[in-house]
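Enquirer: So in my numbering, spot 34 of the sequence shown is number 34, and the numbers just go up one at a time.
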Amino acid sequence: MSPLDAPIQAGGSISGRILTEFVDGLIAAIPRIVSGAVFLLFAYLVIRVVLTVTRTVLDRIYPDEERLIVDLSVAVVGLFLWFGAALALLTIVGLGEVAASLGTAGGFIGLGVAFALKEMIADTVSGVYLLKDPDFTPGDRVETASVSGTVTEIGLRKTRIRDDDGELVVLANRDVEKKWTNRSRTPTSSTDGAAESTSSSTE
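1) Quick check on T20: does DSSP put it in helix, strand or coil?
2) What's the C-alpha gap between K179 and V70?
3) Using the Cβ count rule (16 or more neighbours within 10 Å means buried), how would you classify S176?
4) For the stretch 107-162, which segments carrying the beta strand (DSSP E) assignment without a break, of at least 3 residues, lie completely within its bounds, in sequence order?
5) For E153, I'd like the list of residues in its chain whose CB is within less than 8 Å of its CB, leaving aside the five on either flank, ordered along the chain.
6) In its own chain, which residues sit with a C-beta less than 6 Å from the C-beta of R174, not counting the 5 before and 5 after it?
7) Suppose you measure from the CA of A75 to the CA of I18; what does that come to, to the nearest Å?
8) To which residues of the same chain is F42 closer than 6 Å at the C-beta, ignoring the five residues directly before and after it?
9) Any idea what DSSP makes of V34, helix, strand or coil?
10) What residue range is occupied by the uninterrupted beta strand (DSSP E) comprising L171?
11) If we count the other Cβ atoms within 10 Å of its Cβ and call it buried at 16 or more, is S73 buried or exposed?
12) Would D140 and V128 be called neighbours here (beta carbons separated by less than 7 Å)?
13) Out of D165, L79 and R157, state which residue places its alpha-carbon closest to the alpha-carbon of P63.
14) L58 by DSSP, collapsed to three states: which one?
15) Less than 7 Å between the beta carbons of N182 and D133, yes or no?
16) Short of 8 Å in beta carbon distance, which residues of its chain neighbour R32, apart from the five on each side in sequence? Order them along the chain.
17) From A116 to F39, what distance separates their C-alpha atoms?
18) To the nearest angstrom, how far is it from the Cα of D164 to the Cα of V147?
19) Rounded to whole angstroms, what's the CA-CA distance from T142 to R162? Just pull it up for me.
20) For the alpha helix (DSSP H) containing R67, list its first residue and its last residue.
21) Answer with buried or exposed for S189, where buried requires no fewer than 16 other C-beta atoms within 10 angstroms of its C-beta.
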């Protein structure tokens, strides 16, 4: 036997063993791969339905000029849904430790996003309440914590009030909703539940 035959045979044996282990590992992983593929397809369909419903609901709430808010909200919801789906997929294919690490990091990122959007959410919720309140409508004379004047427009995030000097003041809805008093009606309404009159009180 040639001196070169032994290294060649050893190399062939190692290559064959590596190939065998690879094939065995691939065969063992097939169920997980199939499960992951099925889950990914299911997640895609569910997320698509959720985003469609979310956009439909937001389109009914926000006017066309605030389309950016709708797009941003849908994008944020989609990001969180896909991130959750990715973590679940990693767990299904046997990478649970990686999924746990990413989940922890994602939690901190989620807190940051929630903190960044908290004012917008607060304005929107307050705007919905103001729009549905029959005692707070355009044309009413109101008094807030910072300005008195006539309501000219109520949006989902901002309210515009024309003050006594004729200046147009734009206020965040969360600031208006905290405390306001309607001075146009007798008795007038206020958010703290007190009824007030436009005329001076008598002894």
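Built from N, CA and C at the ideal position, the CB exists for glycine as well.
All of these numbers come straight from a predicted model, not from anything done at the bench.
Expert: Taking the coordinates as given:
1) Residue mapping note: residue 20 aligns to position 20 of the sequence shown, counting from 1. Helix, per DSSP.
2) Within the sequence shown, numbered from 1, the residue matching residue 179 stands at position 179. Within the sequence shown, numbered from 1, the residue matching residue 70 stands at position 70. Each residue's alpha carbon lies about 28 Å from the other.
3) To locate residue 176, count along the sequence shown from 1; it is residue 176. A quick correction: the sequence has Val, not Ser, at residue 176. The residue is buried, with at least 16 neighbouring Cβ atoms inside 10 Å.
4) DSSP runs (the beta strand (DSSP E)) wholly in the stretch 107-162: 141-144 and 148-154.
5) The count along the sequence shown starts at 1 and reaches residue 153 at position 153. Scanning its chain for C-beta atoms nearer than 8 Å, with the 5 sequence neighbours on each side dropped, one finds around E153 the residues P138, T159 and R160, in chain order.
6) Counting from 1 along the sequence shown, the entry for residue 174 is found at position 174. Cβ contact annotation for R174 (same chain, cutoff 6 Å, sequence separation greater than five): A122, D123 and S126, in chain order.
7) Looking up residue 75 in the sequence shown gives position 75. Looking up residue 18 in the sequence shown gives position 18. Roughly 45 Å separates the two Cα atoms.
8) Here residue 42 refers to the residue found at position 42 of the sequence shown. Same-chain partners within the cutoff: there are none.
9) Stepping through the sequence shown from its first residue, residue 34 is reached at position 34. Judged by DSSP in its simplified three-state form, V34 adopts helix.
10) Position 171 of the sequence shown, counted from the first residue, corresponds to residue 171. Residues L168 to A172.
11) For the purposes of this step, residue 73 is taken as the residue at position 73 of the sequence shown. It is buried - the Cβ of S73 has at least 16 other Cβ atoms within 10 Å.
12) The sequence position of residue 140 within the sequence shown is 140, counting from 1. The sequence position of residue 128 within the sequence shown is 128, counting from 1. Here D140 is not near V128, since their CB atoms are 7 Å or more apart.
13) On the sequence shown, position 63 is the one that residue 63 refers to. Cα-wise, what sits closest to P63 is R157.
14) Translated into the one-based positions of the sequence shown, residue 58 becomes position 58. Here DSSP, grouped into helix, strand and coil, assigns L58 to helix.
15) What you label residue 182 is simply residue 182 of the sequence shown in a count that begins at 1. What you label residue 133 is simply residue 133 of the sequence shown in a count that begins at 1. Against a cut-off of 7 Å, the Cβ pair of D133 and N182 comes out as no contact.
16) Your numbering for residue 32 matches position 32 in the sequence shown. Cβ contact annotation for R32 (same chain, cutoff 8 Å, sequence separation greater than five): I92, V93 and G94, in chain order.
17) As a first step, residue 116 must be located in the sequence shown, where it is residue number 116. As a first step, residue 39 must be located in the sequence shown, where it is residue number 39. Answer to the nearest angstrom: the Cα atoms are 32 Å apart.
18) For the purposes of this step, residue 164 is identified with residue 164 of the sequence shown, where counting begins at 1. For the purposes of this step, residue 147 is identified with residue 147 of the sequence shown, where counting begins at 1. Cα to Cα, D164 sits roughly 9 Å from V147.
19) Counting from one through the sequence shown, the residue named residue 142 turns up at place 142. Counting from one through the sequence shown, the residue named residue 162 turns up at place 162. According to the sequence provided, residue 142 is Val. The question's Thr does not apply to it. For V142 and R162, the distance between alpha carbons rounds to 10 Å.
20) Residue 67 sits at position 67 when you count from the first residue of the sequence shown. Note, R67: alpha helix (DSSP H), R67 to I92.
21) Reading the sequence shown from its first residue, position 189 is the one you call residue 189. In this prediction, S189 has a pLDDT of 49, which is less than 50 and means its spatial position is unreliable; what the coordinates show is noted afterwards. In this structure S189 is buried. Its beta-carbon is surrounded by 16 or more other beta-carbon atoms within 10 angstroms.
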